[in-house]
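Quick note: the sequence shown, position 122, residue 124 per the working numbering, numbers continuous. Beneath this line is the structure, given in C-alpha cells, with notes to follow.
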Amino acid sequence: MRAAEWLIEAERVLDVVLESLSREDRRKSVPAVGDIPAGTIDVLLKAHAEREPDGTWADVARTALVAHEVSIHRGSVNPLTEDLARALCDHAAQWREPGPEPELPVDVSWRDRFVLLAGHDPHPLWDR
C-alpha cells in the first residue's frame, strides 16, 4: 500500500483514540511530537488538526505517533495495529530523522519498534 492509504489507517486509529478521550484527559501532558512542542493533549491535537495532510510517510508517522502519545498518556494501551507499525518500520528511511537507530531486541513488537525508531518511549508510564 502507498503512504496515502496508510495515512487513512493512521487517522482511523487516531479517531478511535479520540472517541474515548474525556475533558480531563485533554489537560494531561504529552511530550513533543516532531515540531509540535510538549504540552497538553489538547495542544497536541489542535496543532495536529491544523496541518494539511500531505500523504507522505512522515505524515503517516506523525499521525500514528500522535495517536500513540495521546492514548498512552491518557492511561490506555498503544492503539496502533501491528500492520501499520510494520509498514512504518519498513519505510523508516522516508520519515525518520537521520542518526543511529536504537538497538532493539529481536522479539520487540512492531508497535514498540516504530515508537522507538521515532525517538519516543513506548511505555513511558511504566515503573522502571
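Ideal Cβ placement from N, Cα and C applies to all residues, glycine included. No experiment lies behind these values; they were computed from the predicted model shown.
Buried or exposed for residue i, going by 16 or more other Cβ atoms inside 10 Å?
i      : result
ALA95  : exposed
ARG113 : buried
SER73  : buried
VAL108 : exposed
ARG64  : buried
ALA89  : buried
PRO81  : buried
ASP37  : exposed
VAL19  : buried
Using a threshold of 7 Å, is the CB atom of residue i nearer than that to any non-hydrogen atom of the ligand ATP?
i     : result
ARG53 : Annotation note on the ligand ATP: not contained in the displayed structure, which lists no ligands.
DSSP three-state label for residue i, please.
i      : result
SER111 : coil
ARG130 : Since pLDDT at ARG130 reaches only 46, below the 50 mark, its modelled position is unreliable, and no value is offered.
GLU26  : coil
ARG4   : coil
Distance cutoff 8 Å, beta carbons only. Does residue i sit that close to anything in chain C?
i     : result
LEU20 : This model lacks chain C altogether; it includes just one protein chain.
Throw me the rounded Cβ distance for the residue i and residue j pair, which I believe falls under 8 Å.
i     : j      : result
GLU11 : LEU67  : Not really, about 14 Å apart at Cβ, beyond 8 Å.
GLY57 : ALA120 : So it is not a contact: roughly 19 Å between Cβ atoms.
Give me the DSSP bridge partner(s) of residue i.
i     : result
VAL32 : GLY41
Taking only runs that begin and end inside the segment 52-125, name each unbroken alpha helix (DSSP H) of 4 or more residues, in chain order. Along the length of the segment 52-125, whole alpha helix (DSSP H) runs at least 4 residues long occupy 59-75, 84-92, 112-119, reported in chain order.
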